[in-house]
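What the sequence shown shows, in our numbering, is residues 474 to 672, in sequence order.
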Amino acid sequence: MVAGVILAGGGSKRFGSDKRYYRLNGKTLIEACCDKINEVCENNYIVADKDFSDQRSYAHGFTVLRDLEDGKGPLMGVYTALSHIVEEGCLVIPVDMPGLSVSLLKYIKSQAPLFDLAIPSGDELFPLPGYYSKELLPLIVSSFEGDDFSLKALVGRAEESVELKVLRISFEKIKKFGAPQKVLFNINMENDVEKFQGS
Numbered sequence: 474m475v476a477g478v479i480l481a482g483g484g485s486k487r488f489g490s491d492k493r494y495y496r497l498n499g500k501t502l503i504e505a506c507c508d509k510i511n512e513v514c515e516n517n518y519i520v521a522d523k524d525f526s527d528q529r530s531y532a533h534g535f536t537v538l539r540d541l542e543d544g545k546g547p548l549m550g551v552y553t554a555l556s557h558i559v560e561e562g563c564l565v566i567p568v569d570m571p572g573l574s575v576s577l578l579k580y581i582k583s584q585a586p587l588f589d590l591a592i593p594s595g596d597e598l599f600p601l602p603g604y605y606s607k608e609l610l611p612l613i614v615s616s617f618e619g620d621d622f623s624l625k626a627l628v629g630r631a632e633e634s635v636e637l638k639v640l641r642i643s644f645e646k647i648k649k650f651g652a653p654q655k656v657l658f659n660i661n662m663e664n665d666v667e668k669f670q671g672s
């Protein structure tokens with residue numbers, strides 16, 4: 474079994490407001506994520522900060538987890554999820570990738586029996602969306618002892634491990650599920666919304 478996890482961090486200084494509540498095509502970013510992950514996984518979670526309201530209607534049926542510690546980005550979100558779920562791993566999506574296709578998410582989930590980590594990779598590495606297994610927990614814990622809390626660093630360390638199986642999903646493969654530039658577009662700043670809609 475694979476759990477579905479939405480990383481729904483708090484307000485973004487670069488975006489200027491709490492982007493998870495930004496409305497795009499009639500839905501907030503968090504609502505759209507909930508709809509997509511519900512199509513792929515049965516047990517779903519939202520990992521968020523203490524300010525997130527789980528009383529909103531779209532969060533019903535989701536277990537809301539609070540980041541175990543602030544200031545350590547998406548890596549802490551993945552760690553929080555893997556520390557709580559009963560499943561062997563989770564399909565993780567960020568709240569700010571509105572172009573993600575359900576078909577791509579289903580493909581990533583299908584790789585769970587074969588790999589400990591499965592992430593898109595073209596000219597650059599995209600650590601999200603991805604499948605993360607509990608086999609990564611020791612590496613994540615040791616990452617917190619250092620000063621690089623990036624998911625990209627975790628991927629690099631996992632690839633160096635002889636015990637972990639890592640899949641980098643090529644852009645050629647991703648093209649079967651949508652244009653990679655659209656599917657993996659990340660909204661960080663408000664003008665990214667215009668770029669996304671024009672892509």
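C-beta atoms are modelled at their ideal positions from N, C-alpha and C, and glycine is treated no differently.
These figures come from a predicted structure and were not determined experimentally.
Short CB-CB distance (under 8 Å) between residue i and chain C
{"i": "V478", "result": "This model lacks chain C altogether; it includes just one protein chain."}
Neighbourhood of residue i by C-beta, 6 Å cutoff - its chain only, sequence neighbours within 5 removed
{"i": "I558", "result": "A476"}
{"i": "R673", "result": "Given a span of 474 to 672 for the chain in the structure shown, any question on residue 673 remains unanswerable."}
{"i": "S574", "result": "F650, G651 and V656"}
{"i": "E632", "result": "V639"}
{"i": "D620", "result": "none"}
{"i": "L624", "result": "P547, L548 and P600"}
{"i": "K545", "result": "F622"}
Alpha-carbon to alpha-carbon, residue j and residue i
{"i": "R641", "j": "S594", "result": "5 Å"}
{"i": "K566", "j": "E597", "result": "It is worth fixing the name first, because residue 566 is Ile in this sequence and not Lys. Taking the straight line from one Cα to the other gives about 18 Å."}
{"i": "Y604", "j": "L555", "result": "11 Å"}
{"i": "F525", "j": "E636", "result": "37 Å"}
{"i": "V674", "j": "S490", "result": "A question about residue 674 goes unanswered here, because the residues of the chain that appear run from 474 up to 672."}
{"i": "V520", "j": "P547", "result": "10 Å"}
{"i": "L590", "j": "Y518", "result": "19 Å"}
{"i": "T501", "j": "Y495", "result": "5 Å"}
{"i": "V749", "j": "G562", "result": "The structure shown has nothing for residue 749, since the chain only spans 474 to 672."}
{"i": "Y580", "j": "P586", "result": "12 Å"}
{"i": "E560", "j": "I510", "result": "15 Å"}
{"i": "P600", "j": "E663", "result": "22 Å"}
{"i": "L541", "j": "T553", "result": "6 Å"}
{"i": "S628", "j": "S616", "result": "It is Val, not Ser, that sits at residue 628 in the sequence shown. For V628 and S616, the distance between alpha carbons rounds to 11 Å."}
{"i": "S583", "j": "K523", "result": "32 Å"}
{"i": "G499", "j": "S634", "result": "44 Å"}
{"i": "L467", "j": "L480", "result": "Since the first residue shown for the chain is 474 and the last is 672, residue 467 is missing from the structure and cannot be characterised."}
{"i": "S606", "j": "L564", "result": "9 Å"}
{"i": "M474", "j": "A626", "result": "26 Å"}
Beta-carbon proximity list for residue i, same chain, < 7 Å, skipping 5 on both sides
{"i": "I647", "result": "L577, P593, P653 and V656"}
{"i": "F658", "result": "M570, G572, F669 and S672"}
{"i": "T536", "result": "Y518"}
{"i": "E512", "result": "V575"}
{"i": "E608", "result": "D589 and L637"}
Status (buried if at least 16 other CB within 10 Å, exposed otherwise) for residue i
{"i": "R493", "result": "buried"}
{"i": "K649", "result": "exposed"}
{"i": "L538", "result": "buried"}
{"i": "G482", "result": "buried"}
{"i": "E618", "result": "exposed"}
{"i": "S643", "result": "exposed"}
{"i": "E645", "result": "exposed"}
Residue from the options with nearest C-alpha to residue i
{"i": "M549", "options": "I503, E633 and V478", "result": "V478"}
{"i": "D543", "options": "E515, F622 and L497", "result": "F622"}
{"i": "E515", "options": "G499, E504, F617 and G534", "result": "G534"}
Cβ shell of residue i (< 8 Å), same chain only, five flanking positions each side left out
{"i": "I660", "result": "F488, K492, Y495, L502, D569, M570, P571, V666 and F669"}
{"i": "L610", "result": "Y552, L555 and S556"}
Contiguous alpha helix (DSSP H) assignments of at least 4 residues, all confined to the segment 621-646: For the segment 621-646, the full-length alpha helix (DSSP H) segments reaching 4 residues or more read 624-633 along the chain.
Please specify which runs of the beta strand (DSSP E), each continuous and at least 3 residues long, are wholly inside the segment 517-592, giving them in chain order. For the segment 517-592, whole beta strand (DSSP E) runs of length 3 or above, ordered along the chain, are 517-521, 535-539 and 562-567.
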